[in-house]
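Protein chains in written order, with the working numbering: chain F, 796 to 1274; chain X, 796 to 1274.
Heads up, the beta-carbon is just placed ideally off N, CA and C, and yes, glycines get one too.
Written out below as structure tokens is the structure these notes cover.
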């Protein structure tokens, strides 16, 4: 068991982080990238001990954890590459025009790090969105120091990873306060972190209530700070019948796998499936229900999540006009169905049931499907299962769906978030608190940086990235 | 006199704007740019009537208004160019790798418009940050519809400009609800606009109290939305004695002009001048005080601003240990002085006195100057007047100053905000509510856009910007 940090310890940690920021923010991007790659190596070197510890703490199977570890190392290494390349700096140069009246000054702008970043470990990604996960990697790449609050569901995993980061810092002779690791099962620790004057931004992946608590604390500060909370969503899937008819069972299999992947504990889990009444939808739903009922899922991450899944799925199934298609109950996967009419009149059904649960909403026609799309809140993803002809004939619906999400998928599943530069993982509220940013892919670095313009600076005093000779060969635009 | 919009009229306006957004957001960037250029032409065609009306409403002199009109047209035209070029779209392509296990999907991302934007006209820029000012131009370029609340200090000017926009929309056969113009002297109109469910972002230039009211309303919504409030700052100037000695009178003249420019009614007005005790500073302060006392300023924008200048400058001059160097009183320009010690112990002196007022803070040594820099809040700009040798020997101070502002100027004045792509006009809180964005230059467009990723989309269904053949020749990065 690990003791919660005291309020005084939180204050000390933030102060140390602010002091370390002064030197860390001056390190070259190459040195930052080097640190990130060293962290990846040290995590890898933890080997079996890390995997076994996390299996014990999270009930996640070995294969999944090995995959997630690989993803985490890839994040550290690929964001390190992006950090070093520097495209995210948005370097812009406006050259002087001395003979204009009035003269145009020389102005050069680039992104600079914001300051200490507070990262909250998530429960469902013990590696990829926890101690050395995507938020930490983004913040370090941006040049920010990091204070992590470990998720209380996997404190030993978090300690091991924090130890690996410390080892990397030591081996490179860097100040250990660049990364500070705290425990805090109590909300008081999170509140003290977010409200501390030295904190300049917050990264979080988790529940709506958790994310909104951080968001509200951050906005109650004398100096409000940005909170990047990725709070999940129901990731609606829109089905069209011609497409369904081409491969009913294949699509059902694909969705049964997606809904139950990781015991449904992904923020991109397809929780709502919107279809058009008819034989094709009926066959699909029957097939999907059978497949889901036949899938043996493992244990959920911790008892809190299991209990919430039981309560929320039971509450959903108790709503008027709901059918239990799979004829199962939590903790097993559940497929339920409801008419669009009942769905539209019951906002409770629009909420996420975190776990291997999906609700089919059947619409009598495209007008009703449009009404369902209009009624949806902001989402991380939306998916369209359609032939090209089907989607072409519903341009308004496609436009509505695009307006509701951060990523739109054509004939696929929302689970499986590729770590790449074109990824957007984040979407309109309430799926995240800031739709202008995402938490996956190297653009996530930009969450922790802000533009700074230098006017009429002597070349020697400019950051290397903005010097006339461009010694670091950064991609920049000049006018 | 113009009547305030009723709460029902606000709701109707936002609803109409949301409907217009559906079609406007689908227009090509070329068509949007065309609209912006037409608006510029129609404003120009208002000719003398516009200038005379604004002179009457704002007391600003003809030359200044003609300059500001030119700047406003330049903003519309240059953001139109940027809109059309599309670099701000941040188009990214991750190509598919079908034979990887699991296969890598094709993902393509670009920025898309967020929805209706509410723009609050400012009092100090009746053209450049009002009805068709930088916020409106940025929002239109992003593909957002705009609802403007006219500033009550220049309603006729605002009506004329709104008429020009309407004329441009008519001449191009575009729906007039793309731009909606309302009046509202009462705060209730602003509150209803910001809290309306259809509003997706807010642009504002004005006071701290005004900006924070909008910011808090926006965060109290069920769906919080971003507020880009540029709330001004004291724009500290750091003086070094060797530099001062080289041209005491010249620098004093430059600063007397900057402090009194536009009767001190610029958000980049240098309100605090931090120097090191000694003969060079003494001579400079004396010269600056004399020059300021000799400058005849015009009337301020409206009686509310004049009264606030009188009250705030009198309150500052009534603080312990303050000297009135210029020996003047509001509404004349005022130069005051105080020791760093007194300044550091009196946060009231850190606040902006909006008008031609500046406070010299004299430090006994560089340690005290560093303490002053540490104590400052976030600023739009900071300026350093120094020889290269002087600034090189104070690296820590330079780093602190960079951490406090959005733009740092070397041997110049902060007034005069160039409209160019390397400009950053915005800074750490409280100078603005979101240091990650600025309100001048084409990067301001990005405030009103968010990333949307398309996964495995058929080429024909992608936006033209992301199609494989790149028919619009957008600058994009591919991996």
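- Fewer than three beta-carbon pairs drawn from the stretch 1194-1213 of chain F and the stretch 1165-1183 of chain X are found closer than 8 Å, and the two stretches are therefore not classed as touching.
- Not flagged as an interface residue toward chain X: residue 1142 of chain F, since no C-beta distance is shorter than 8 Å.
- Counting only runs of 4 or more residues that sit fully inside the stretch 1058-1095 of chain X, the alpha helix (DSSP H) segments are 1074-1088, in chain order.
- When secondary structure is reduced to three states using DSSP, residue 805 of chain X falls in the helix class.
- The DSSP-derived three-state label of residue 1033 of chain X is strand.
- For residue 882 of chain F, the nearest beta carbon of chain X is closer than 8 Å to its own beta carbon.
- Here residue 1256 of chain F is actually not in contact with residue 905 of chain F; their C-beta atoms are around 14 Å apart, not less than 8 Å.
- Residue 1180 of chain F is bridged by DSSP to F:1034.
- Interface flag for residue 1025 of chain X against chain F is unset, since no Cβ pair is found closer than 8 Å.
- Its Cα nearest to that of residue 1202 of chain F, the residue F:1218 stands out among F:889, F:1218, F:1115 and F:981.
- Here residue 909 of chain F carries a coil assignment [DSSP, helix/strand/coil].
- Closer than 7 Å at the C-beta level to chain X, one finds no residue of the stretch 1035-1064 of chain F.
- By DSSP's assignment, residue 976 of chain X forms a beta bridge with X:943.
- Shown here, residue 1016 of chain F sits in coil according to DSSP, grouped into three states, outside any helix or strand.
- Interface criterion met: the Cβ of residue 1215 of chain X is under 8 Å from a Cβ in chain F.
- Two segments are said to touch when three or more pairs of C-beta atoms, one from each, lie closer than 8 Å; by this definition the stretch 960-969 of chain F does not touch the stretch 998-1013 of chain F.
- Residue 930 of chain X counts as buried, since no fewer than 16 other beta carbons sit within 10 angstroms of its beta carbon.
- It is roughly 20 Å from the alpha-carbon of residue 1036 of chain F to the alpha-carbon of residue 1052 of chain F.
- Listed by position along chain F, the residues whose Cβ is nearer than 8 Å to that of residue 1207 of chain X are 900, 1250 and 1251.
- Listed as beta-bridge partners of residue 1204 of chain F by DSSP are F:1178 and X:1250.
- When beta bridges are read from the DSSP output, residue 1024 of chain F appears opposite F:999.
- The beta-carbon of residue 1001 of chain F is placed no less than 8 Å from the nearest beta-carbon of chain X.
- Contact of residue 1192 of chain F with chain X is not assigned, every C-beta pair being separated by 8 Å or more.
- Excluding five sequence positions before and after residue 1109 of chain X, the CB atoms of its chain that fall closer than 8 Å to its own CB belong to 1124 and 1125, given in chain order.
- Here the alpha carbon of residue 1057 of chain F sits roughly 13 Å from the alpha carbon of residue 921 of chain F.
- Nearest Cα to residue 1033 of chain X within the set X:848, X:1150 and X:1194: X:1194.
- Between the stretch 802-809 of chain X and the stretch 888-901 of chain F, the count of C-beta pairs closer than 8 Å stays below three; the two stretches do not touch.
- In the three-state reduction of the DSSP assignment, residue 1196 of chain X falls in the helix class, which pools H, G and I.
- Within the stretch 1253-1270 of chain X, contact with chain F at the beta-carbon level (separation under 8 Å) is assigned to 1253, 1255 and 1256.
- Setting aside the 5 residues that flank it on each side, residue 934 of chain X is surrounded in the same chain by 912, 941 and 1243, each with a C-beta closer than 6 Å to its C-beta; the list follows chain order.
- Near chain F, meaning a CB-to-CB distance below 9 Å, the residues of the stretch 1222-1236 of chain X are 1222, 1223, 1224, 1225, 1228, 1229, 1230, 1231, 1232, 1233 and 1236.
- Not a single C-beta of chain X is nearer than 8 Å to the C-beta of residue 985 of chain F.
- Shown here, residue 1105 of chain F sits in a helix according to DSSP, grouped into three states.
- With respect to the C-alpha of residue 1001 of chain X, the residue from X:1259, X:915, X:982 and X:1154 having the closest C-alpha is X:915.
- Shown here for residue 1105 of chain F: same chain residues with a beta carbon closer than 6 Å to its own, the five before and five after excluded, namely 1125 in chain order.
- The alpha-carbon separation between residue 1021 of chain X and residue 1233 of chain F amounts to approximately 15 Å.
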